[in-house]
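One structure below.
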Amino acid sequence: MPVLLVWLAVAIATAWLDSGLALPMTSISAYYYTDVHTVFVGVLIALGVLLVVIQGRTPWEDALMNTAGALAPFVALLPTPVTASDTCIAPYCTSRMLDDVIPDNHEIIAFNVLTAIPVWLILCAYLTRRAWTMRHGEPRERHSSIFSAATTTVFGAAGLLVWFDDGTRQLFYDRAHLTSAALMVTMLIASMVPFAMWMGPSTRWPFTRGPFARWPGLLGNEFWVVLWLTLLGLAACGLVYVVKDQWDHTVLVVEIAAIVPFFLYWGLQGLALGRRDRNGPPVERSA
1090 MPVLLVWLAV AIATAWLDSG LALPMTSISA YYYTDVHTVF VGVLIALGVL
1140 LVVIQGRTPW EDALMNTAGA LAPFVALLPT PVTASDTCIA PYCTSRMLDD
1190 VIPDNHEIIA FNVLTAIPVW LILCAYLTRR AWTMRHGEPR ERHSSIFSAA
1240 TTTVFGAAGL LVWFDDGTRQ LFYDRAHLTS AALMVTMLIA SMVPFAMWMG
1290 PSTRWPFTRG PFARWPGLLG NEFWVVLWLT LLGLAACGLV YVVKDQWDHT
1340 VLVVEIAAIV PFFLYWGLQG LALGRRDRNG PPVERSA
């Protein structure tokens, strides 16, 4: 998964260089309307598939990853609202993008919604069947599987209700991308918690000794620290937004503040699981 984020970052950096170092777009999602379009959609869909297919190390990590994975394609296929007159759009967009893609934004969303419905139904059926097979299982597995099936079903159904109602369809056009992205990021951040709990305190980690030893469940390993840095970064962005009257790049900075910790988290997770496979599993813990 870190490789996918690197690919997206390289594509955006290339677009920035091609624009003559123009002011960055107001969000990563706005690069959908540039030559980054194909990479943006491909990375998010691939990320969604990986989040669903990869088995989490705990039932709750797996459930939260499943829900985040179900949301990722909708973040990709329901583009953020942008018009050709928006700040910074012209230096990045080709004439084809400006003339064709942006005016047809609603038609693109309509097509993507209709083609995504069968996939959403299949995923809901899969997660529901999985929850049913675990109905007599251990409580964590039972509850987490129900959560995954329920959230995927409810989020999708709510979106379709807004979409099919002519009175609220404009709201769907305006808010579907942002809502899907916010929910996906929330699920990904939440998925860090059960994994950090599962890993337990690390004897190699400095925060397990000295005055920090009193909080082994909050600073006991590197994953807790990444989680807290993520939350602090997002909180700082929110504070700056409140204090500053106008900040055109709020969304861009928030996205970077979330993506960088995810990149670090997934990289550390791969290293930690590699050590685990070599040294044997840690003591089983609730998560």
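Residue numbers in the sequence shown follow the working numbering, run continuously in steps of one, and reach 1376 at the last position. Built from N, CA and C at the ideal position, the CB exists for glycine as well.
Residue interval of the alpha helix (DSSP H) (run including G1248): Residue numbering aside, residue 1248 sits at position 159 when the sequence shown is read from its first letter. Note, G1248: alpha helix (DSSP H), 1228 to 1253.
Supposed close pair A1346, L1362 - CB separation, criterion 8 Å: Position 257 of the sequence shown, counted from the start, is the residue given in the question as residue 1346. Position 273 of the sequence shown, counted from the start, is the residue given in the question as residue 1362. Actually they are not in contact, since the Cβ atoms of A1346 and L1362 sit about 25 Å apart, beyond 8 Å.
Cα-Cα separation between V1314 and M1288, rounded to whole angstroms: The residue given as residue 1314 occupies position 225 in the sequence shown. The residue given as residue 1288 occupies position 199 in the sequence shown. So the two alpha carbons sit approximately 13 Å from each other.
G1245 vs W1209 beta-carbon contact at 8 Å: Against the sequence shown, residue 1245 aligns to sequence position 156. Against the sequence shown, residue 1209 aligns to sequence position 120. Yes, Cβ-Cβ distance for G1245 and W1209 is below 8 Å.
I1198 versus V1331, L1321, R1258, residue with shortest Cα-Cα distance: On the sequence shown, position 109 is the one that residue 1198 refers to. Measuring from the Cα of I1198, the nearest candidate turns out to be R1258.
Residues in the same chain with beta-carbon distance under 7 Å from D1188, minus the five sequence neighbours each way, listed in chain order, please. Taking the first residue of the sequence shown as 1, we reach residue 1188 at position 99. Reliability fails at D1188, whose pLDDT of 49 lies under 50, so the model's placement of it is uncertain and no value is given.
Buried versus exposed, by CB contacts within 10 Å (16 or more), P1228: For this step, residue 1228 is matched to residue 139 along the sequence shown. Result: exposed.
Please identify the residue among I1348, L1106, V1138 whose C-alpha is closest to the C-alpha of S1423. Beyond the ends of the chain as shown, which are 1090 and 1376, falls residue 1423; an answer cannot be given.
Leaving out five residues before and five after G1359 in sequence, what residues of the same chain have Cβ atoms less than 8 Å from its Cβ? Indexing the sequence shown from 1 puts residue 1359 at position 270. Around G1359: P1091.
Give the C-beta separation of P1162 and S1233 to the nearest angstrom, bearing in mind that I take them to be a contact with Cβ-Cβ under 8 Å. As a working mapping, residue 1162 is identified with position 73 in the sequence shown. As a working mapping, residue 1233 is identified with position 144 in the sequence shown. Wrong, their Cβ atoms sit about 22 Å apart, outside the cutoff.
Quick one: what does DSSP say G1289 is sitting in, helix, strand or coil? Position 200 of the sequence shown, counting from 1, holds the residue named residue 1289. Three-state result, G1289: coil.
Using the Cα positions of W1221 and G1145, report the straight-line distance between them to the nearest angstrom. For the purposes of this step, residue 1221 is identified with residue 132 of the sequence shown, where counting begins at 1. For the purposes of this step, residue 1145 is identified with residue 56 of the sequence shown, where counting begins at 1. Approximately 19 Å, taken between the alpha carbons.
In whole angstroms, what separates the C-alpha of N1155 from that of L1212? Sequence index remark: in the sequence shown, residue 1155 carries index 66 (1-based). Sequence index remark: in the sequence shown, residue 1212 carries index 123 (1-based). Those two C-alpha atoms are separated by around 10 Å.
Of the listed residues A1238, V1142, I1134, nearest to T1217 (C-alpha basis): Mapped onto the sequence shown, residue 1217 falls at position 128. Nearest option by C-alpha distance: A1238.
Check each candidate in L1353, W1096, L1341, V1331 and name the one with the smallest Cα separation from W1317. Within the sequence shown, numbered from 1, the residue matching residue 1317 stands at position 228. For W1317, the nearest C-alpha among the options comes from L1353.
Less than 7 Å between C-beta atoms, sequence neighbours within five positions excluded: which residues of the same chain meet that for T1319? Here residue 1319 refers to the residue found at position 230 when the sequence shown is read from its first residue. Once the five neighbours on either side are set aside, the close Cβ partners of T1319 are I1278, A1347, P1350.
Between which two residues does the alpha helix (DSSP H) harbouring L1167 extend? For the purposes of this step, residue 1167 is identified with residue 78 of the sequence shown, where counting begins at 1. Taken as a continuous stretch (DSSP letters only), L1167 belongs to no alpha helix (DSSP H), as it is neither H nor E.
Beta-carbon separation of A1165 and F1200 under 8 Å? Taking the first residue of the sequence shown as position 1, residue 1165 is located at position 76. Taking the first residue of the sequence shown as position 1, residue 1200 is located at position 111. Not closer than 8 Å, so no.
Check the C-beta distance from H1266 over to P1168 and give it rounded, since I have them as a contact under 8 Å. What you label residue 1266 is simply residue 177 of the sequence shown in a count that begins at 1. What you label residue 1168 is simply residue 79 of the sequence shown in a count that begins at 1. Between P1168 and H1266 the Cβ distance is about 6 Å, and since that is below 8 Å, they are a contact.
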